[in-house]
Amino acid sequence: MGPKCTPTAASSSASTVRVTVQVDLPAALPEAAEWVVVEHPPRLLPAVRDRLAARLSSRSAKASPKDRIEAAWEAGYNSRDKDLAAEDVVRPPGLGISNSCWLGVRVDQTVWVVVRRRAAAEAEAWVLGYGLDQRSGTLPIAETSNDPEWLLLRLPGETSVREAAVVPILRRVGGLLLGMDSSFITATEIASGTIANVTSALGPTRIVQVDGLPDDEDADPVEISMLLVDWPQSHYKFLLGGGTAPNWPVGTIFPHSAEEVFHAVNYDQLDEGPQTDAYHTAPEAAPSRPPAAPDDLLAQILAQTQDTAALVNRLQTEQLVGAAPKTRALATVKGGRQDTGAGALGDEDVEEDAEELPLDQLLKAALVGMLDKKKPKTKSRTTGLPLTMDHSDSEGEEDPLRRLSGAKGTMLLEKLRFAMESESQAYINAIEGLAAQTLGEASASAHTMEKYIKDQLPIGAERTLGYMVWGIGRALTLLRGGETAKAHLVLLLLITATEHFKLDNTWSSAWRITHLTPPPFSDWRTRGEHHLAQLRSDHSHTRLAHATWMAAIAAKLKDEEVLTKKRFQNQGDPPNRPDRPPRGRGRGKGAQEAPNTQ
Numbered sequence: 011m012g013p014k015c016t017p018t019a020a021s022s023s024a025s026t027v028r029v030t031v032q033v034d035l036p037a038a039l040p041e042a043a044e045w046v047v048v049e050h051p052p053r054l055l056p057a058v059r060d061r062l063a064a065r066l067s068s069r070s071a072k073a074s075p076k077d078r079i080e081a082a083w084e085a086g087y088n089s090r091d092k093d094l095a096a097e098d099v100v101r102p103p104g105l106g107i108s109n110s111c112w113l114g115v116r117v118d119q120t121v122w123v124v125v126r127r128r129a130a131a132e133a134e135a136w137v138l139g140y141g142l143d144q145r146s147g148t149l150p151i152a153e154t155s156n157d158p159e160w161l162l163l164r165l166p167g168e169t170s171v172r173e174a175a176v177v178p179i180l181r182r183v184g185g186l187l188l189g190m191d192s193s194f195i196t197a198t199e200i201a202s203g204t205i206a207n208v209t210s211a212l213g214p215t216r217i218v219q220v221d222g223l224p225d226d227e228d229a230d231p232v233e234i235s236m237l238l239v240d241w242p243q244s245h246y247k248f249l250l251g252g253g254t255a256p257n258w259p260v261g262t263i264f265p266h267s268a269e270e271v272f273h274a275v276n277y278d279q280l281d282e283g284p285q286t287d288a289y290h291t292a293p294e295a296a297p298s299r300p301p302a303a304p305d306d307l308l309a310q311i312l313a314q315t316q317d318t319a320a321l322v323n324r325l326q327t328e329q330l331v332g333a334a335p336k337t338r339a340l341a342t343v344k345g346g347r348q349d350t351g352a353g354a355l356g357d358e359d360v361e362e363d364a365e366e367l368p369l370d371q372l373l374k375a376a377l378v379g380m381l382d383k384k385k386p387k388t389k390s391r392t393t394g395l396p397l398t399m400d401h402s403d404s405e406g407e408e409d410p411l412r413r414l415s416g417a418k419g420t421m422l423l424e425k426l427r428f429a430m431e432s433e434s435q436a437y438i439n440a441i442e443g444l445a446a447q448t449l450g451e452a453s454a455s456a457h458t459m460e461k462y463i464k465d466q467l468p469i470g471a472e473r474t475l476g477y478m479v480w481g482i483g484r485a486l487t488l489l490r491g492g493e494t495a496k497a498h499l500v501l502l503l504l505i506t507a508t509e510h511f512k513l514d515n516t517w518s519s520a521w522r523i524t525h526l527t528p529p530p531f532s533d534w535r536t537r538g539e540h541h542l543a544q545l546r547s548d549h550s551h552t553r554l555a556h557a558t559w560m561a562a563i564a565a566k567l568k569d570e571e572v573l574t575k576k577r578f579q580n581q582g583d584p585p586n587r588p589d590r591p592p593r594g595r596g597r598g599k600g601a602q603e604a605p606n607t608q
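Going by the numbering used here, the sequence shown opens with residue 11, and the numbers climb by one from there.
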C-alpha cells in the first residue's frame, strides 16, 4: 500500500489527457512489512480505539475507521521500547498494542521478566482483579496444571505503577505462593518487609534458580532467577487475571513448571518456610468452631488413637522392610542422631527414658511391648522376607526345601516376589521411604521420586535413559496425586516416543510427543562420573532396595552357580571349551595333514 501520485500531461493545443498512476513505495523500515491494516484489532473496544486514535495526532483528524485503526497499530509499534532501559534485552520481532507485558531474557541471563507501563487502552487485555477472590480456588496453578494462568501484579507507587507477570505455584487457605522476577521487589523492600502503598507486612520470600524454556522448542533452556513470595488473599486486589490464553509475543521465556513446584514445595517444607503444611493442592474448608470443653477430651482421645494406629502401621512396614542397610552414606535425622527405626527401641532405653517421656509416649511404648510379646519367637528369620506363603512365623511351617543346597536362594526370591505382590503398598512405602531418607527428608511426599531422579540418579550423559526415567518419575508423581488416567497416558506416550525415536534416530521430535518438560541433563552431566564412582565406593547396591532384598537375589545367583557346577562336575572340560584336535593333526612341528574326505 503506497501513496497515489496523479501526474498531468503537458499542456498543448491538442486535447489534454489526465493519467492516474499508483506507485508502491518501498517500506521505510524493515519491520513495516509485518504490520497489516485490519478493521478490528483484538481486545480494543470501539470507543477506546476511537479515543486512542483521536489523541494520536493533532495535525489532522482521523476521519475514516481505517485511518484510526492504522494509527492505533502504528502507535503501539512505535511505543514498544518505552520504559525498557537496558539495550541488551532480547526483544521479540513484533509487539501488538494489546499486550500489557512480555517476557524476555537479558544477554547475561539474570532477568527473565521485562515489563513496561501499560497504556490506558490496553486494560481490556486482562480480567479485572475483583473477580479473583471468587475464583481463587479454581485458578490453575503450576502444582496441578501444566498450563497455569499467568497473572499481572500491579503495585501502585508515588509517581508510577510497577507491573510484572507472575505465576501462581502453590495454594493455601487465604493465599497463594507466587513466582516472579527476582528483581521486581527490591532488596530494600524485602529486608524491611514493606512495600509502599501496598503492605507493611510482606510475606516470606526466597530466590531460586530454575530453567527457562524458550518459546522456540529447538532452543536450549537458560537458567533464570525467580522470587517466591507468599501473597495473602487481602492483597488480591493488586492482581489481574491474565485469562486462559494471554497474547504472548514471539520469543518469550517461560520458567520450568516442574522446577517451580519442586523449589516451592521444598521451601515450604523446610524450616525456613514459614507456612509449613499450609499449602495444598485443593482449597480446604474453613476450620470449624472449636468444640466445647467436654468435647476437648474426646478430641484428644481420637487424636491419640489415630497417632497410635499410624505408629502400628509404621512398625509393620519397618518389620517388612527390615533394618536399614549399613552403608557409609547412611542418612541421619535432625540433631545428628541416626534413625534406627522403631525396632531399635530396647528395654534398657525405655527404662532409662521412662521418666522423661510423656504419658502418650509411654502408652505407645507399652503397645509396642504387647505386640512383641504376642509374636512367637523364631530361631532364625530373614529380615524383610516372609518365610511361608501364608506369612506364618511358626518354624514348624518352614519349607524344608530351603535347607537343600541350590534351593535356598530360589525360595527366598520366590517369597520376596509373593510378598511384593500381596503387600504392594508396603513395599511402595518402603522404597519411597528409602528415597526420602537419601534426600534427608523426614517422610516421602508426592515429589520425592522426581526429586530423587533429578538430584541422586547417576544418569550422566545417557540421553535415552534420562528421557525414560524422567517420564517414569512424572508418572509416579501423578499416581501419588491420584491422577491415574494421566499417569497411564504418560507411560503410553513414553512407549510411543520410544518407537518414534527408533524410527527418527533423534529425541528432538520424539520427546515432544509426551508433552513433558525436558529432563535436567545439565545437572546430570555436572555430577558426571565422579558421582557414580562415589556411589560405587559407598554402596554395594542401589539405595532404593533393602539389603535383604539384594541378599535374596545374590542367594539365587549362588544357587544357579551351584547347579551349574554340579552339572559339569563329572566333565573334564568347561562347557564352552572347544574340542582338542586329534594328535598328529595339529598345526605344530611335525604335524600330519588330515586326509581329504571330500
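Glycine included, C-beta positions come from ideal geometry on N, C-alpha and C.
For residue i: DSSP bridge partner residues
| i | result |
| --- | --- |
| M190 | L237 |
| E173 | R164 |
| P178 | L188 |
| P530 | DSSP output for P530 lists no bridge partner at all. |
| Q219 | S235 |
| P242 | G185 |
Residue-chain proximity (residue i, chain C), Cβ-Cβ < 8 Å
| i | result |
| --- | --- |
| V220 | In the structure shown, chain C cannot be found, because there is only a single protein chain. |
Coil, strand or helix - residue i by DSSP
| i | result |
| --- | --- |
| R28 | Its pLDDT being 48, under 50, R28 is placed unreliably in this model, and the value from its coordinates should be taken loosely. Strand at R28. |
| A446 | helix |
| G553 | According to the sequence displayed, residue 553 carries Arg and not Gly. If DSSP states are grouped into helix, strand and coil, R553 belongs with coil. |
| G203 | coil |
| I523 | helix |
| T558 | helix |
| T516 | coil |
| L149 | coil |
| L249 | strand |
| T209 | strand |
| P304 | Legend: pLDDT at P304 = 49, less than 50; position of this residue unreliable, no value from coordinates given. |
| E159 | coil |
| S453 | coil |
| E431 | helix |
| I195 | coil |
| T508 | helix |
| T154 | coil |
| L545 | helix |
| D403 | Low per-residue confidence applies at D403: pLDDT is 43, beneath 50, and the placement is therefore not dependable, though the value from the model is reported in the following sentence. Looking at D403 - three-state DSSP - the assignment turns out to be coil, as it is neither helix nor strand. |
Rounded Cβ spacing between residue i and residue j (contact assumed at less than 8 Å)
| i | j | result |
| --- | --- | --- |
| Y462 | A440 | Not confirmed; about 14 Å, so no contact. |
| D569 | G419 | 4 Å |
| L186 | E199 | Not quite, the Cβ-Cβ distance comes to about 19 Å (not below 8 Å), so this is no contact. |
| E509 | R484 | About 19 Å; that fails the 8 Å criterion. |
| L467 | I563 | Rounded, the Cβ-Cβ distance is 20 Å, inconsistent with contact. |
| L237 | T215 | 6 Å |
| W534 | I469 | 4 Å |
| L250 | L149 | Actually they do not touch by this definition, with Cβ atoms about 12 Å apart. |
Proximity to residue i [Cα-Cα], best of the options
| i | options | result |
| --- | --- | --- |
| D175 | R164, L504, H525 and E433 | This sequence places Ala at residue 175; Asp is not what is there. That would be R164, whose Cα lies nearest to the Cα of A175. |
| L501 | K512, T487 and L513 | T487 |
| G184 | R172, P242, L149 and P178 | P242 |
| L188 | E199, T196, H556 and P158 | P158 |
| I523 | Q544, A495 and Y477 | Y477 |
| E153 | H541, E173, G491 and A497 | G491 |
| A206 | E168, P528 and D317 | E168 |
| W559 | R427, T196 and I234 | R427 |
| I234 | A507, S244, V220 and K464 | V220 |
| T536 | A429, L161 and K464 | K464 |
| L554 | I217, F248, D191 and Q447 | Q447 |
| I151 | V171, R182, R172 and P166 | R182 |
| M430 | H525, H556 and P178 | H556 |
| M421 | A520, S193 and A565 | A565 |
| T474 | V171, E433 and P529 | P529 |
| W517 | F194, S550, A201 and E472 | E472 |
4-residue-minimum alpha helix (DSSP H) runs that sit fully inside the segment 461-505, ordered along the chain: 473-490
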